[in-house]
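Numbering (the working numbering), first residue to last: 1 to 88. Glycine residues also receive a C-beta, built at the ideal position from the N, C-alpha and C atoms. Down below is the structure, laid out as structure tokens.
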């Protein structure tokens with residue numbers, strides 16, 4: 001859901017925000033970082049994430065001990081993918 005909300009909020013005209021020079025090949029803000037969930041991710045590797053005692057991976061701590069895996073999105077400020085990291 002976070003992926004789609006990020007794209008909707010950065011693209012209010014729904015005209016396919018795109019990166020690069022080619023508007024015929026749109027890449028929305030969430031798609032630029034698809035599959036990235038932690039530092040060092042890329043090429044099929046999701047990045048550094050935390051594992052709980054049951055072996056489940058997560059990158060974000062929630063209320064009441066809940067844990068979530070949230071995809072990173074493109075940051076135009078950092079010019080790279082950015083997102084939550086439970087390791088930090």
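Any C-beta of chain D under 8 Å from that of residue i
i, result
"residue 4", "No chain D is part of this structure, which consists of one protein chain only."
Own chain, CB closer than 8 Å to residue i, minus 5 neighbours either side, in chain order
i, result
"residue 39", "47, 48, 85 and 87"
Where the beta strand (DSSP E) containing residue i begins and where it ends
i, result
"residue 82", "80-82"
"residue 73", "73-75"
Terminal residues of the alpha helix (DSSP H) in which residue i lies
i, result
"residue 36", "No alpha helix (DSSP H) contains residue 36, which DSSP labels as neither H nor E."
"residue 10", "2-10"
7 Å Cβ shell around residue i - same chain, five flanking residues per side excluded
i, result
"residue 102", "One cannot answer for residue 102 here, as it falls past the ends of the chain, which runs 1 to 88."
"residue 72", "33, 36, 37, 81, 82 and 83"
"residue 52", "58 and 67"
"residue 63", "none"
Reference residue i, options the options, closest by Cα
i, options, result
"residue 83", "65, 30, 53 and 54", "30"
Distance CB(residue i)-CB(residue j) smaller than 8 Å
i, j, result
"residue 7", "residue 34", "no"
Chain-order list of residues whose beta-carbon lies under 6 Å from that of residue i (same chain, five-residue window excluded)
i, result
"residue 2", "70"
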